[in-house]
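In my numbering, the protein residues as written are 6 to 715.
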């Protein structure tokens, strides 16, 4: 009986039909492709059809294979699966990058960047921020360094030929008396030493100068973008996450700075090296030069392909990092909510998913970029072997000297170095311009409510008129938040806005601050259209205290003085704090007015925070006030004291109050009852109460003022 052979898997003895597993495809589409089935393998052989799922992870940390497979087949198949998956993932990323560019173009109306437009943009928005004296000095020294690099091969070749001639003479005539070795070698060695040390010194200077240029540029870029972001209209922030914006501000600006530093430091030297070495090679030995440069067209195609690939990947890389950064900023800024809901593990998983996506993109980028670069490297090595073989043949036949070959090989190195630098510049340029497109859009974006221009009156009286004002938030045009609101308020008027949640009270306050412009109708101040005033001047005339005011993690004195455009002396700061009933608790703090309240003012109570915000409004002495439940966090005693300060502050000013406390509403000169964006009732407290059928009277009658007006 024949001896049984080793057990063979059906997968090893029959053809394999491989196809992408639908399970993996669906999971990847949902963003869950860590440890997903990659391939379905079907074997159609002598027995019934079998189906096996091979599992793998992109990072290779977990790998489970069919137990029937021998190790060699297992590793070969694993590698091929990894290779195929990376290529598929890379193709998806490239398509995603292209789609991201098209989406950005559609949203902004800006055309996709071309080489000409990108160079113009870099000149106007990036290179213009470089310190000119450092930049010019670096370029000049870089040019000198390149020129020195051409002299070194010639001197080295001369030194080799001198040494070979001296050795031949020494061998033929015999004895040290025939050749003065020191005299023969002294001049070329001294010259070579001077050139090398000069090159070294120039490299140090160039590195320092361009490093200063790069760091200065990134600082100025960040300042410029930060200023532009702070001047964008509030609607812009309704559709942008602060974590993503901070990622653009830090990471994308660094990429542009690196491009500036690398390009200016390298481009001149690279061009001179490439062109000069090409001329030198063909001048010294045309035949070898032709062999050395024959692969240049192929390398140029590979460089172009690499630049295009890396450029698409850069878009998705930056987008993925911005998303991860947004998660981190949001979670760390809301850490109390996270911990109170025991959400630490959930947020860690969510953040890990975002970072793993970034990691997968990086791996695919590195894989394809490395393949393309090593293809160039392999071609260069083959070329070098051919050049060496031909050169040695000519040395043997006497048509080329050793020194001549030494010099030629140095020129080839310069040629390769120049080509590599130009390739790196191109790839870096394509990647940076493509991946930082969002940064450039933010840098060039003009706010829809301009900060510059407009009227700057010497005096503001505070007479305000709203004429048929309607408004809907961007992206919700079908949902009118305010509809044909009419209102007239003069200095000394106190207008209370009441209504259920979502009635439009807060939105009306935002229009008064010109966070938004009305979709229809008009707002006039002192007889002139609201939009005709300079926005900074307009907001400086309005004091705003919101229900949950924001304090910065700076000294309390700075938070109070923040309301004054030109700052305020300590005496005025303390006077404002006293009027807001904040001085006593501030003085009781260990550091007094020098105390930092922490992020989101976490180190002081809600009532204390609100009193500081009221002091900030008091110190401005504005002509108009918008108080969004400004005393809601105070106890009865403190509310009475602060209300007295607010009464004094409101005297002679146009005041709008969003409040739910009866005492505040009753003292108002006019009450507006809002319902679903419409003003359904308005008048004084007595007028509205006298009409028993009014909604306001119903509120009063049923004693439900607090819940319905909040």
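Glycine included, every Cβ here is placed at the ideal spot set by N, Cα and C. Just so you know, these numbers come straight off a predicted model, no measurement behind them.
N-terminal and C-terminal residue of the alpha helix (DSSP H) that residue i is part of
i           : result
residue 498 : No alpha helix (DSSP H) holds residue 498; DSSP gives it neither H nor E.
residue 160 : 137 to 178
residue 687 : No alpha helix (DSSP H) holds residue 687; the beta strand (DSSP E) holding it covers 683 to 688.
residue 359 : 349 to 402
residue 228 : 186 to 235
residue 513 : 510 to 517
residue 442 : 442 to 449
residue 563 : 561 to 566
residue 522 : It is not in any alpha helix (DSSP H) - residue 522 carries neither H nor E in the DSSP assignment.
residue 296 : 291 to 298
residue 617 : 611 to 623
residue 248 : 247 to 252
residue 240 : 239 to 243
residue 481 : Per DSSP, residue 481 belongs to no alpha helix (DSSP H) and is neither H nor E.
residue 2   : The first residue shown for the chain is 6 and the last is 715, placing residue 2 beyond what the model contains.
residue 342 : 340 to 345
Cross-strand partners of residue i (DSSP beta bridge)
i           : result
residue 538 : 460
residue 588 : None; residue 588 has no bridge partner.
residue 490 : 474
residue 661 : 500, 631
residue 409 : DSSP lists no partner for residue 409.
residue 676 : 501, 688
residue 548 : 630
residue 469 : 494, 530
Beta strand (DSSP E) segment containing residue i, residue limits
i           : result
residue 525 : 525 to 530
residue 555 : It is not in any beta strand (DSSP E) - residue 555 carries neither H nor E in the DSSP assignment.
Contacts around residue i, its chain only, beta-carbon distance under 7 Å, and the 5 residues preceding and following it disregarded
i           : result
residue 315 : 370, 374, 432, 435, 436
residue 523 : 474, 475, 476, 516
residue 159 : 412
residue 186 : 171
residue 702 : 693, 694, 696
residue 198 : none
residue 705 : 694
Residue j beta carbon less than 9 Å from that of residue i
i           : j           : result
residue 169 : residue 403 : no
residue 627 : residue 499 : no
residue 565 : residue 621 : yes
residue 322 : residue 372 : no
residue 590 : residue 578 : no
residue 248 : residue 361 : no
residue 273 : residue 151 : yes
residue 233 : residue 450 : yes
residue 241 : residue 496 : no
residue 646 : residue 568 : no
residue 385 : residue 304 : yes
residue 634 : residue 576 : no
residue 486 : residue 338 : no
residue 243 : residue 479 : yes
residue 377 : residue 289 : no
residue 603 : residue 563 : no
Beta-carbon contacts of residue i that lie in its chain and below 6 Å, excluding the five residues immediately before and after
i           : result
residue 616 : 585, 586, 587
residue 65  : Interpretation of residue 65 is limited by its pLDDT of 38, a score under 50 that renders its predicted location unreliable; no figure is taken from the coordinates.
residue 529 : 470
residue 246 : 331
residue 217 : 139
residue 673 : 499, 501
residue 393 : none
residue 212 : none
residue 594 : 600
Residues of its chain near residue i, where Cβ-Cβ distance is below 8 Å and the 5 sequence neighbours each way are ignored
i           : result
residue 420 : 278, 279, 282, 283, 286, 297, 298
residue 532 : 468
residue 700 : 678, 680, 685, 686
residue 540 : 454, 455, 456, 459, 519
Residue i Cβ short of 8 Å to the ligand ADP heavy atom set
i           : result
residue 347 : As for the ligand ADP, it is missing from this structure, which has no ligand bound.
Beta carbon proximity, residue i to chain D, threshold 9 Å
i           : result
residue 257 : Checking the listed chains, one finds no chain D in this structure; it contains a single protein chain.
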